[in-house]
Amino acid sequence: MTVDSQTYRDAMARLGAAVNVVTTGTLDDPVGFTASAVCSVTDAPPTLLVCMNRAARARAAFRTGGAMCINVLSASQRDISGSFAGPMDMYERFTYGHWTTLDTGAPVLEEAVASFDCHVDQIVEVGTHSVMFGVVEAIRMGAGQGGLVYFNRAYHALPHGQDEL
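Letter 25 of the sequence shown, counting from 1, is numbered 29 in this note's numbering, and no numbers are missing.
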């Protein structure tokens, strides 16, 4: 049995995922894109993976051994997600939010729910995507706020605390 691409994409749209802005470069020469294909790999050493389409404009800036920061967006940051997913040039994207750095020098969104500052340990090419494995060097926890998820091709706000469910 063969599953066609459209059926696969339609089913994957029902797999809710946190919305993230993934960055590399420096504050002077920043690069970033929106990603929902992010997940934990292991906690020893702390490692995340990020999937990026091989046709993405940002792809060339990410390389093995380079800096990468995964910035988890809050429910109030849909505009940032849209900016980093759209046709804006890289410098214009970074006019949204306030940016700083941690250990690797990759841009860190100050208002993020959490930021995982990593170095890219390896990149594996799988079909249409590059899978980047990032070893976490520093973490910045943001103020308590609800998260932003993408589900069924739409944004949804998550409450912050148990009492909000």
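Think of the CB as a built atom: it goes at the ideal place given N, C-alpha and C, for glycine as much as any other residue.
Pick out whichever of G150, T105, V140, Y154 has its Cα sitting closest to the Cα of T46. With respect to the C-alpha of T46, the residue from G150, T105, V140, Y154 having the closest C-alpha is V140.
Write down the C-beta distance between G69 and H123 rounded to the nearest angstrom, noting that I regard them as a contact closer than 8 Å. About 6 Å separates the Cβ atoms of G69 and H123, confirming a contact at the 8 Å cut-off.
Residues in the same chain with beta-carbon distance under 8 Å from R63, minus the five sequence neighbours each way, listed in chain order, please. Closer than 8 Å at Cβ, skipping near neighbours: M56, N57, S134.
Identify the continuous alpha helix (DSSP H) that holds G86 and give its terminal residues. Where G86 is concerned, the enclosing alpha helix (DSSP H) stretches over 82 to 89.
Chain-order list of residues whose beta-carbon lies under 7 Å from that of A161 (same chain, five-residue window excluded): Excluding sequence neighbours, A161 sits near A79, G150, L152.
Does DSSP put Q10 in a helix, in a strand, or in coil? DSSP, reduced to helix, strand and coil, places Q10 within a helical segment of the structure shown.
Do S85 and V23 come within 8 Å of each other at the CB atom, strictly closer than that value? Closer than 8 Å, so yes.
Could you tell me the distance, in whole angstroms, from the CA atom of P50 to the CA atom of C43? Here the C-alpha atom of P50 lies approximately 11 Å from the C-alpha atom of C43.
Rounded straight-line distance, which links the Cα of M5 to that of C73: Taking the straight line joining both Cα atoms gives about 39 Å.
Beta-carbon contacts of R157 that lie in its chain and below 8 Å, excluding the five residues immediately before and after: For R157, same chain residues with a beta-carbon under 8 Å away, outside a window of 5 residues either side, are A17 in chain order.
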